[in-house]
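If you're matching positions, the sequence shown starts at 185 in the numbering used here and goes up one per residue.
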Amino acid sequence: MNEMIITREAREARLEGMGCRRKRVEDIRFTQGKGNYVDDIKLPGMVHGDFVRSPYAHARIKRIDTSKAKALPGVLAVLTAEDLKPLGLHWMPTLAGDVQAVLADGKVHFQNQEVAFVVAENRYIADDALQLVEVEYEALPVLIDPFHAMDADAPILREDIADKKTGAHGPRKHPNHIFEWTVGDGAATDEAFAKAEVTVKELISYHRTHPSPLETCQCLASFDKIKGELTLYGTFQAPHVIRTVASLLSKIPEHKIHVIAPDIGGGFGNKVGAYAGYICSIVASIVTGIPVKWVEDRMENLSTTSFARDYHMTTEIAATKAGRVTGLRVHVLADHGAFDACADPSKWPAGFFNIVTGSYDFPAAHLAVDGVYTNKASGGVAYRCSFRVTEAAYCIERAMDILAGKLGMDPAELRMKNFIRREQFPYQSALGWEYDSGDYHLAMHKAMDAIDYPALRAEQKARQEAFRRGETRSIMGVGISFFTEIVGAGPSKNCDILGVAMFDSAEIRIHPTGSIIARMGTKSQGQGHETTWAQIIATELGIPADDITIEEGNTDTAPYGLGTYGSRSTPVAGAAIAMAARKIRNKAQMIAAHLLEVSEYDLEWDIDGFRVKGNPERSTTMKEIAWAAYHAPPSGLEPGLEAVNYYDPPNMTFPFGAYFCVMDIDVDTGVASTRRFYALDDCGTRINPMIIEGQVHGGLTEAFAIAMGQEITYDATGNVMGASFMDFFLPTAVETPKWETDFTVTPSPHHPIGAKGVGESPNVGGVPAFSNAVNDAFGFLGATHLPMPHYPWRLWQTARQLGV
Ligand code: CDP
């Protein structure tokens, strides 16, 4: 067809670029069972590794006898800490500047800790061999409650560092103390409280939970003794970082390590760190020269790999009687388990918790965080959140509701009174962040109109009166959450992992026929990067998204990147993609000028090519330019059409949202039903609205799970509870409410395409909306703050305690 008669709209539409509800291209293989996950990979001669784990939460290891296990036919090796010692691999560094036992070295610190690694011809033999490893333990007193971690008579957990007065983040106050981190102006905050007309104070706890991706953590290590090269397949959210860590630990040169993350079945932060399974598989493959596969089971995943949250936040707000906030003071007791293995950028021991001032214009604020050791699994990962933002959002959104209750003010009105106003952006927060852009009042008004907020409050009032008259046993809550996230780690000036700055990267290569292969340092675990990254390139380069292949997860081919977590992909890699495309477009403009025999300054970009300014009939498409780049480039210009960009963002991005949850609770059964959940998100420029909606649906489902039931608890002797899907609440379609989504668009001024991240927003904003709905329902009966998760048994007990 003659290009000239195609309308501009049609030319734009066939690109399926930014803003298009393009269907997810990866789903073609996922929905047909053609995904290629780690456990699908089978190498010739491959053997299997499995762990002997501790039944005790705290115990000394008196003796390990592996002889019977080694004698079992089909067993190739049984590794203990003693075997790893000569290699210096019995302990490994953590991302948080601590060290962590790879295999227990004389002592176990939490239940199910790795004690020995069995390598056998198949998993069945490995499992049988586990039972034959004899371990003699001497039980030690167990520390579970973080509030008693720094007691004078608390058992000392980390004997390896008991005498160290200073840790990775400064002085330690007690052998079980990890760090104290303070931010903000303490004197100004004290003054605000001294002058306050009204204050509130509450201990707001965010319980321990777990990201629980459907695919557990796993790897397959294959060491080639002839070449001295290691190939490592794994469920890695950050493949390049794993390669660097593997090189530093194993001393294998980095160019001889090939890390491949194939399809990944969900990550949510669980697959960022390095686990004992990876180290042991690598060592076992180096020792045996045979490929070794390690695949966690569900209980191992839930009880030993990185947990999330476990923050206990004593929160105070100072305010005027009219409801203007004047000061915020928060102290966090952070339970980090047995080793400080938090996955945060190096300088941030409590991640980005200092976003705790939220969406509100606090003139003064002060934050202190104390991290402590307990006999629990280590971790502290950002479970679908940007480094402790979820905890911060829960803290401030709960506290604002508590303040509204004390003032007798509507919680929506209190929020709007204190919002950072549109004209205040870029806004400098009292705890040190520069918020890039926002229009909070617009978003809140849109949300309140959409759900008809006044009508809901009128209905609630009528229901409360009917309840008091004994006409109903059902109470109603309206939960509000207006959250501000901070995503896009991050600017190298304040974010690094193990010293590597948190930039990201993209390489785009246009072939002679105008199709494209592009590679990034990110790694999708379900977010749809193959679809959306192609859309950015399609808009920037005028090549249809269907002609663009996206490849991630192979460190041999992708440029170095810091990976995918914390909604950083769009803010950082998304920017790198746009910038790499723009480099290509600049070169393409020179080629177009040559083809059209005009100066490049006489050209302008038009959807899918360049046209001569003032003479639009004279034009050339990007496909024609691509051919020319390889066929007849202008003299003096390098042939080819490709570019690489490493993008170091100037700032984080600050998406936000207004969520409303309408809930009915039966006080006789404790069963809560979410009648309506409305989620308005503003993530700046929207690349693919359908994918955004999918991200919001998924994140809200996790938020629902966390707020209403999902929890990892321990009994007094350190037995982990909730370590299977029998006990750990993972909602199905039956329990999951219906989600309504909406949006406003406030582009990020510093991002090349104005986009902010969105993946974690629904988890961050959803949890306080659910919890506030429960608290709002019980508020008229006298409740101030009810502990999460709000499962029916607890709600039933609450009703009894409130005398109804
Ligand atoms: O880092 P991660 O991929 O988990 O999070 P993200 O950057 O928030 O992106 C999640 C998905 O939403 C990706 O496929 C993005 O391209 C898409 N997205 C979008 O379409 N528009 C935005 N403004 C932000 C994300």
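C-beta: ideal position from N, C-alpha, C; glycine also.
A residue is called buried when at least 16 other Cβ atoms come within 10 angstroms of its Cβ; tyrosine 308 does not meet this threshold and is exposed. DSSP places aspartate 688 in the strand class (E or B) of the three-state scheme.
Collapsing the DSSP output to three states places aspartate 369 in coil. Burial state of arginine 572 is buried, judged by a 10 Å Cβ sphere holding 16 or more other Cβ atoms. By the Cβ-count criterion, methionine 632 is buried, with 16 or more other Cβ atoms from all chains shown falling within 10 Å of its own Cβ. About 5 Å separates the beta carbons of proline 921 and phenylalanine 861, which is inside the 8 Å limit, making them a contact pair.
For glycine 950, the uninterrupted alpha helix (DSSP H) run begins and ends at 945-963, by DSSP. By the Cβ-count criterion, arginine 752 is buried, with 16 or more other Cβ atoms from all chains shown falling within 10 Å of its own Cβ. By the beta-carbon neighbour count (other beta carbons within 10 angstroms, threshold 16), threonine 489 is buried.
Shown here for phenylalanine 603: same chain residues with a beta carbon closer than 8 Å to its own, the five before and five after excluded, namely Ser543, Tyr544, Asp545, Tyr624, His625, Met628, Phe666 in chain order.
Not one heavy atom of the ligand CDP is found less than 7 Å from the C-beta of alanine 887.
Within the same chain, and ignoring the five residues on either side of histidine 815 in sequence, the residues whose Cβ sits closer than 8 Å to its Cβ are Pro696.
Inter-residue distance for threonine 925 and aspartate 494 is about 29 Å (C-alpha atoms, whole angstroms). Within the same chain, Cβ atoms closer than 7 Å to the Cβ of aspartate 223 are found at Gln402, Val479, the five residues on either side in sequence being excluded. According to the DSSP assignment, aspartate 267 belongs to the alpha helix (DSSP H) that extends over 265-268.
Of the candidates Asp960, Gly457, Arg392, Gly457 places its Cα closest to the Cα of methionine 276.
Restricted to the region 195-259, the beta strand (DSSP E) segments that are unbroken, complete and at least 3 residues in length are 231-237, 243-249, listed in chain order.
Within the region 789-870, the complete beta strand (DSSP E) segments at least 3 residues long are 793-796, 799-805, 826-831, 840-850, 856-866, listed from N- to C-terminus.
Distance from the C-beta of glutamine 711 to the nearest heavy atom of the ligand CDP is below 7 Å. Taking 7 Å as the cut-off, one finds no heavy atom of the ligand CDP near enough to the beta carbon of threonine 574. Short of 7 Å from the beta carbon of aspartate 850, and not among the five residues preceding or following it, lie these beta carbons of its own chain, in chain order: Arg657, Ser658.
Taken in chain order, the whole alpha helix (DSSP H) runs of length 4 or more contained in the region 656-687 number zero. Taking a C-beta distance under 8 Å as the contact criterion, serine 676 and aspartate 786 do not qualify as a contact pair. Isoleucine 448 and proline 395 have their C-alpha atoms roughly 14 Å apart. Pairing histidine 361 with valine 556 gives a Cβ-Cβ distance under 8 Å. Taking 7 Å as the cut-off, the C-beta of glutamine 879 counts as close to a heavy atom of the ligand CDP.
Contact between glutamate 944 and glycine 750 holds, since their C-beta atoms are separated by about 7 Å, short of 8 Å. Rounded to whole angstroms, the gap between the alpha carbons of lysine 531 and asparagine 678 is 7 Å. For threonine 741, the closest alpha carbon among the candidates Asn770, Glu724, Glu714, Gly705 is that of Gly705. Separation of the CB atoms of glycine 906 and alanine 241 is rounded to 15 Å, and the pair is thereby denied contact status at 8 Å.
Distance from the Cα of leucine 914 is smallest, within the candidate group Gly883, Lys940, His935, for Gly883. When the alpha-carbon of threonine 419 is set against those of Ala288, Thr982, Gly461, the nearest one is in Gly461.
Closest in C-alpha terms to glutamate 735, from the list Lys291, Lys707, Pro728, comes Lys707. Asparagine 738 is bridged by DSSP to Ile444. Its Cα nearest to that of lysine 269, the residue Ile463 stands out among Ile463, Ala685, Asp311. When C-alpha distances from leucine 821 are compared across Leu779, Met774, Asp282, the shortest belongs to Met774.
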